[in-house]
Amino acid sequence: MIRFESASKTYPDGTVAVDALDLVAPSGQITVLVGPSGCGKTTSLRMINRMIDATGGRILLDDQDVAKVEPAQLRRGIGYVIQHAGLFPHRTIIDNIASVPLMLGTSKKEARAGAMDLLDRVGLDQKFARRYPAQLSGGQQQRVGVARALAADPPVMLMDEPFSAVDPVVREQLQDEFLRLQSDLGKTIVFVTHDIDEAIKLGDQVAVLRVGGHLAQMATPAELLSNPVDDFVANFVGRDRGYRALGFEAVGQLPLEPEPTVSLESSFAEASKVATDGWVLVLDAGRHPQGWLAIADGPSAGSDSIDRGRLRRGGTVASVDGTYRAVLDAALSSPTGRGVVVGHDGTFAGTLNATQVVALIESRAGAAS
Amino acid sequence: MSLLHAVFATADSPSSASSSPWHFFGYFLDHRSQDLSWLWTHTWLSVVPVIVGLLIALPLGWLSRRYGWLYPPMVSITGLLYTIPSIALFVLVPPLLGLSSLDPLQVPIALTVYSVALLVRVVADGLASVPEEVNQAATAIGYGRARRLFAVELPVAVPVIAAGLRVATVSNVSMVAIAGTIGMSNLGQLFQIGKDLSTPTAYYPPIVLGIVLCVLLALVLDALIILATRLMTPWRRAVPAK
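Which chain is which? The protein sequence lines are X and D, in order. For what it's worth, this note's numbering labels the leading residue of the first sequence as 12, then goes sequentially. For what it's worth, this note's numbering labels the leading residue of the second sequence as 23, then goes sequentially.
Set out below in structure tokens:
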């Protein structure tokens, strides 16, 4: 557990970066510090491992005042991941990862073996081991950065905008894998970002800081979206927070409608027979939804079979235990207006349209009030 | 000028040898052991001051990087040293340091001063070339200041520092020759001999030989630094994989 007790940072010129911050980052959880630039989030993070020393108050790491621990010693027990990874360009990937264990006196052989395992853990092929950082993409470098921070198995990890410098697709992958990794490892994590969506996705709890280093609100993501404490937080959390808040609540029992389906192996003629309103849902042999077939598109030239390439795949697919947001999105994104819902094994379960989902949302709101 | 010259001048009667500049190789064969010994002293006089200069420049460069306000005066002052004409410095070193004239340390000391002048800036700029996030990462994972310097900053700065070493080494080769003209025994002697033998008629072979050997020496030393740099920086040739 990390506890800020009125921790402050005032620079010699009088600038206050962090103002009497009180905050607890519970063990085994992800605490996200989020806020606009100048809100002191990175300063707060760096006060934990003393890359910046607090000028007032104190910071306790498992009830030990960090100011009383020798900085280099302190840092070796805390994993740290920064934007752009900050890998050592002159060391191979494997030696980058092994940096901390080697410093702590682990034998080279052992440290490298551990580093190999970590490559797997962060989803990198072992063929990268002997390469240099310049040979990796930004996303791959960031995975190595995470592996390096994990190498000595520290109980605490500090992450400073680790996924900000990669493109949105890679960022989402990294976030998902980070969450998967954390569910295995259960580290105490303090994560800094300026991106409220990232904060809400990753945080077990989110601390919103305002400029000048004041804590505006500390809450779970769902509470932050549904109950921002003031205009600043409300504005920062963003416009479509009502919609995004739906992403935190599973619907429960879904009133699914049956839907006529055909298999990929069926002929176009069979498909047109079962279609309602000109559309039919196509499943593969394992009954996984493949896409919608528009009868109006006609059969593919010179063949009566269903052409995979002509299926409409735009719709998202929700799971039976999905959130309101996932189910509503499936309905809204479906070309037929009927959202596809699958069971836990990914097989087709039924459909649901937007009117039905909205009715569910409204009945939930009614029940809550 | 010296007894040595007199011996050479007589042994080397211009009448028996062509004075064509292209006969420098014949001249070399006739005076091989003397020329090779000069080449050898020339070599170590070129190299040792650069190494000593680097050892002095490392802490100075590190200081001017560590304390930003030191950088401008440090670079200006060391840069000014470079403007002292070399012949003047060679002459001034003995009285300033209480050495006798033609002391064997006179030239290496003067050349070390020049090397320091060049290398302080090179070291500071080399350390500045280390990406900030690399330094931060090193600090954040628990490297102390010294460990960070030797394990991360200096290795990453090698390409920049090596580029400075090449300049310092090659310019030392030419400055050592100047020390030859004031009587120190190195390839510069060949220029003095050539000058002495050129009265009354021009006699070029020793001069051309001196130029050729200096250029060859500079090329070889430069190549050695490039080779050593390549061996130390395999990571720089790592190209993005497809």
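Where is the CB? At the ideal position from N, CA and C, for every residue including glycine.
Which chain D residues are close to X:Gln-75, counting only those with a beta carbon under 8 Å from its beta carbon?
In the first sequence, residue 75 of chain X corresponds to position 64, counting from 1. Going along chain D, no residue has its Cβ under 8 Å from X:Gln-75, so there is no contact; the nearest lies around 16 Å.
Taking the alpha helix (DSSP H) that D:Leu-119 falls in, what are its first and last residues?
As a position in the second sequence, residue 119 of chain D is number 97, starting the count at 1. Judged by DSSP secondary structure, D:Leu-119 falls within the alpha helix (DSSP H) whose first and last residues are 108-119.
Given that X:Ile-93 touches chain D, what residues does it touch there, using C-beta distances under 8 Å?
Locating residue 93 of chain X in the first sequence gives position 82, counting from the first residue. Neighbours of X:Ile-93 on chain D, chain order: Glu-155, Gln-158, Ala-159 and Ala-162.
Give the interface partners of X:Gly-97 over in chain D, defined as CB-CB distance under 7 Å, in chain order.
Reading the first sequence from its first residue, position 86 is the one you call residue 97 of chain X. Here the neighbours are Glu-155, Val-156, Gln-158 and Ala-159.
Taking its Cβ as the centre, do 16 or more other Cβ atoms sit within 10 Å of X:Val-180, making it buried, or is it exposed?
As a first step, residue 180 of chain X is located in the first sequence; it is residue number 169 there, counting from the start. Sixteen is the threshold: since fewer than 16 other Cβ atoms of the shown chains lie within 10 Å of the Cβ of X:Val-180, the residue is exposed.
For chain X, is any of its Cβ atoms less than 8 Å away from the one on D:Tyr-165?
Within the second sequence, the letter at position 143 stands for residue 165 of chain D. Using beta-carbon distances, D:Tyr-165 counts as an interface residue toward chain X, with a partner under 8 Å.
Taking the beta carbon of D:Phe-265 as the centre, do at least 16 other beta carbons fall within 10 Å, making it buried, or is it exposed?
Nothing can be reported for residue 265 of chain D: it is not among the residues displayed for chain D, which extend from 23 to 264.
What are the residues in the stretch 103-123 of chain D lying within 7 Å of chain X by C-beta distance?
Within the stretch 103-123 of chain D, contact with chain X at the beta-carbon level (separation under 7 Å) is assigned to no residue.
What is the C-beta distance between X:Leu-147 and X:Phe-139, in whole angstroms, given that I count them as a contact (C-beta under 8 Å)?
Within the first sequence, residue 147 of chain X is the residue found at index 136, counting from 1. Within the first sequence, residue 139 of chain X is the residue found at index 128, counting from 1. X:Leu-147 to X:Phe-139, Cβ: 7 Å. Contact.
Under 8 Å between C-beta atoms, does X:Tyr-143 make it to chain D?
Your numbering for residue 143 of chain X matches position 132 in the first sequence. Closer than 8 Å: yes.
Segment contact, 8 Å Cβ cut-off, at least three pairs: the stretch 94-108 of chain D with the stretch 163-181 of chain D
Counting Cβ pairs under 8 Å, fewer than three are found: no touch.
Neighbourhood of D:Leu-25 by C-beta distance below 8 Å, restricted to the same chain and skipping five residues each side
Here residue 25 of chain D refers to the residue found at position 3 of the second sequence. Any reading at D:Leu-25 needs caution, since the residue's pLDDT is 44, under 50, leaving its predicted position unreliable; the model's value is listed next. Within the same chain, no residue comes within 8 Å of D:Leu-25 by CB-CB distance, once the 5 residues on both sides are set aside.
Identify every residue that forms a DSSP beta bridge with X:Ile-41.
Counting from one through the first sequence, the residue named residue 41 of chain X turns up at place 30. Among the bridge pairs identified by DSSP, X:Ile-41 is matched with X:Ile-200.
My output table needs one value for X:Gly-302: the three-state DSSP class, helix, strand or coil.
Within the first sequence, numbered from 1, the residue matching residue 302 of chain X stands at position 291. In the displayed model, X:Gly-302 falls within a strand according to three-state DSSP.
Chain X residues whose Cβ lies nearer than 9 Å to that of D:Thr-255
Mapped onto the second sequence, residue 255 of chain D falls at position 233. Simply His-101.
Residue range of the unbroken beta strand (DSSP E) whose run includes D:Trp-91:
To locate residue 91 of chain D, count along the second sequence from 1; it is residue 69. Premise fails: D:Trp-91 is in no beta strand (DSSP E) and is neither H nor E.
Would you kindly report the start and end of the unbroken alpha helix (DSSP H) that includes X:Gln-383?
The question about residue 383 of chain X has no answer here: the residues shown for chain X are numbered 12 through 380.
Interfacial residues, the stretch 174-190 of chain D to chain X, with Cβ spacing under 7 Å:
Answer set for the stretch 174-190 of chain D: Val-174, Pro-177 and Val-178.
Do X:Ala-227 and X:Val-244 come within 8 Å of each other at the CB atom, strictly closer than that value?
Residue numbering aside, residue 244 of chain X sits at position 233 when the first sequence is read from its first letter. Residue numbering aside, residue 227 of chain X sits at position 216 when the first sequence is read from its first letter. Yes, they are a contact pair.
Test: D:Val-192 CB closer than 8 Å to a CB of chain X
Numbered from 1 along the second sequence, position 170 holds the residue referred to as residue 192 of chain D. When Cβ-Cβ separations below 8 Å define contact, D:Val-192 makes no contact with chain X.
Is X:Gly-97 buried or exposed, if buried means 16 or more other CB atoms sit within 10 Å of its CB?
Translated into positions along the first sequence, residue 97 of chain X becomes position 86. Buried, by the Cβ-count rule.
Residues that X:Met-127 bridges to, as DSSP identifies them:
The residue labelled residue 127 of chain X in the question sits at position 116 within the first sequence. According to DSSP, X:Met-127 bridges with nothing at all.
Taking the C-alpha atoms as reference points, what is the distance between X:Gln-264 and X:Tyr-91?
Mapped onto the first sequence, residue 264 of chain X falls at position 253. Mapped onto the first sequence, residue 91 of chain X falls at position 80. Here the alpha carbon of X:Gln-264 sits roughly 42 Å from the alpha carbon of X:Tyr-91.
Interface residues of chain D around X:Met-62 at Cβ under 9 Å?
For the purposes of this step, residue 62 of chain X is identified with residue 51 of the first sequence, where counting begins at 1. Going along chain D in sequence order, the residues near X:Met-62 (Cβ under 9 Å) are Gln-158, Thr-161 and Ala-162.
Which of helix, strand or coil DSSP assigns to X:Glu-373
For the purposes of this step, residue 373 of chain X is taken as the residue at position 362 of the first sequence. Assignment of X:Glu-373 by DSSP, reduced to helix, strand and coil, places it in the helix class.
Taking D:Ala-146 as the reference, give the member of D:Thr-63, D:Trp-44, D:Ile-78 and D:Pro-126 with the closest Cα.
Within the second sequence, residue 146 of chain D is the residue found at index 124, counting from 1. Comparing Cα positions, the closest option is D:Ile-78.
Would the beta-carbon of D:Ser-137 fall within 8 Å of that of D:Ala-179?
For the purposes of this step, residue 137 of chain D is taken as the residue at position 115 of the second sequence. For the purposes of this step, residue 179 of chain D is taken as the residue at position 157 of the second sequence. For the pair D:Ser-137 and D:Ala-179, the CB atoms are not nearer than the 8 Å cut-off.
X:Arg-154: buried (16+ other C-beta within 10 angstroms of its C-beta) or exposed?
Counting from 1 along the first sequence, the entry for residue 154 of chain X is found at position 143. It is buried - the Cβ of X:Arg-154 has at least 16 other Cβ atoms within 10 Å.
Looking only at its own chain, which residues have a Cβ that is under 6 Å from the Cβ of X:Gln-152, when we skip the five neighbours before and after it?
For this step, residue 152 of chain X is matched to residue 141 along the first sequence. Cβ-Cβ distances below 6 Å link X:Gln-152 to Ala-96, Leu-98 and Pro-144 in the same chain, with the five nearest sequence neighbours on each side left out; the list follows chain order.
Below 8 Å on the Cβ atoms is my contact criterion, and I expect X:Ala-282 with X:Leu-44 to pass it. Report the Cβ-Cβ distance as a whole number of Å.
Locating residue 282 of chain X in the first sequence gives position 271, where the first residue counts as 1. Locating residue 44 of chain X in the first sequence gives position 33, where the first residue counts as 1. At roughly 53 Å, the Cβ-Cβ gap does not stay under 8 Å, so X:Ala-282 and X:Leu-44 are not in contact.
Tell me the DSSP secondary structure of X:Asn-364 in three-state form.
Reading the first sequence from its first residue, position 353 is the one you call residue 364 of chain X. X:Asn-364: strand per DSSP, three-state reduction.
Buried or exposed for X:Ser-380, going by 16 or more other Cβ atoms inside 10 Å?
Counting from one through the first sequence, the residue named residue 380 of chain X turns up at place 369. With a pLDDT of 45 at X:Ser-380, under the threshold of 50, the modelled position of that residue is not reliable, and no figure is offered here.
Mapping DSSP to helix, strand and coil, what is D:Leu-253?
Sequence index remark: in the second sequence, residue 253 of chain D carries index 231 (1-based). Three-state DSSP puts D:Leu-253 in a helix.
Taking D:Val-261 as the query, report the chain X residues whose CB atoms sit under 9 Å from its CB, ordered along the chain.
Indexing the second sequence from 1 puts residue 261 of chain D at position 239. By Cβ distance, chain X contributes Ala-145 and Gln-146.
In angstroms, rounded to a whole number, what distance separates the CA positions of D:Ala-173 and D:Val-182?
Mapped onto the second sequence, residue 173 of chain D falls at position 151. Mapped onto the second sequence, residue 182 of chain D falls at position 160. The alpha-carbon atoms of D:Ala-173 and D:Val-182 are separated by roughly 16 Å.
Within 10 angstroms of its Cβ, does D:Thr-221 collect 16 or more other Cβ (buried), or is it exposed?
Your numbering for residue 221 of chain D matches position 199 in the second sequence. With fewer than 16 other Cβ atoms from the protein chains shown falling within 10 Å of its own Cβ, D:Thr-221 counts as exposed.
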